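Enquirer: Got a structure for you, questions after.
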Amino acid sequence: MNADAQLAEYRDSIDNIDAALVFMLAERFKITQKVGAYKAKSGLPPADPGREARQIERLRDLARAAKLDPEFSEKFLRFIIDEVIRHHERISAEERPE
-2 MNADAQLAEY RDSIDNIDAA LVFMLAERFK ITQKVGAYKA KSGLPPADPG REARQIERLR
58 DLARAAKLDP EFSEKFLRFI IDEVIRHHER ISAEERPE
């Protein structure tokens, strides 16, 4: 296999992984939207710092086991959590009577 063919093979694998990540994130956000609606209807706050801390630590442990930088995994999860909280805040604001 020549170098260009090998590089193309690697890139195809990366493209497949990226597609899987996008679809997994889409599924995750579908569920977190439901969580946000449930929290809003139940009068629960959009953020849950205790759960967030537990999730971050859990992901850091998983990252270490996978030989992935735990700092990177925490930044990645924090980015997702912050986006979810924004969604939950928006949903909560929409549920409030005017």
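Counted the way this note's numbering counts, the sequence shown spans residues -2 to 95.
Yeah, the Cβ is synthetic: ideal placement off N, Cα and C, and Gly gets one too.
Quantities reported herein were computed from a predicted structural model and do not represent experimental measurements.
Rounded to whole angstroms, what's the CA-CA distance from residue 47 to residue 4? Just pull it up for me.
Expert: Taking the first residue of the sequence shown as 1, we reach residue 47 at position 50. Taking the first residue of the sequence shown as 1, we reach residue 4 at position 7. Roughly 44 Å between the two C-alpha positions.
Enquirer: In its own chain, which residues sit with a C-beta less than 7 Å from the C-beta of residue 74, not counting the 5 before and 5 after it?
Expert: Counting from one through the sequence shown, the residue named residue 74 turns up at place 77. Here the set comprises 52, 53, 56.
Enquirer: According to the neighbour-count rule (16 or more other Cβ atoms, all chains shown, within 10 Å of its Cβ), is residue 0 buried or exposed?
Expert: Against the sequence shown, residue 0 aligns to sequence position 3. Its Cβ having fewer than 16 others within 10 Å, residue 0 is exposed.
Enquirer: In its own chain, which residues sit with a C-beta less than 7 Å from the C-beta of residue 160, not counting the 5 before and 5 after it?
Expert: The structure shown does not extend to residue 160, since the chain is modelled only from -2 through 95, so no value can be given for it.
Enquirer: So the candidates are 41, 76, 92; which of them puts its Cα closest to the Cα of residue 22?
Expert: Residue mapping note: residue 22 aligns to position 25 of the sequence shown, counting from 1. Selected option, being the one with the closest Cα: 76.
Enquirer: Could you tell me the distance, in whole angstroms, from the CA atom of residue 6 to the CA atom of residue 20?
Expert: As a first step, residue 6 must be located in the sequence shown, where it is residue number 9. As a first step, residue 20 must be located in the sequence shown, where it is residue number 23. Approximately 21 Å between the Cα atoms of the pair.
Enquirer: Are the beta-carbon atoms belonging to residue 70 and residue 62 less than 7 Å from one another?
Expert: Mapped onto the sequence shown, residue 70 falls at position 73. Mapped onto the sequence shown, residue 62 falls at position 65. The answer is no: Cβ separation not under 7 Å.
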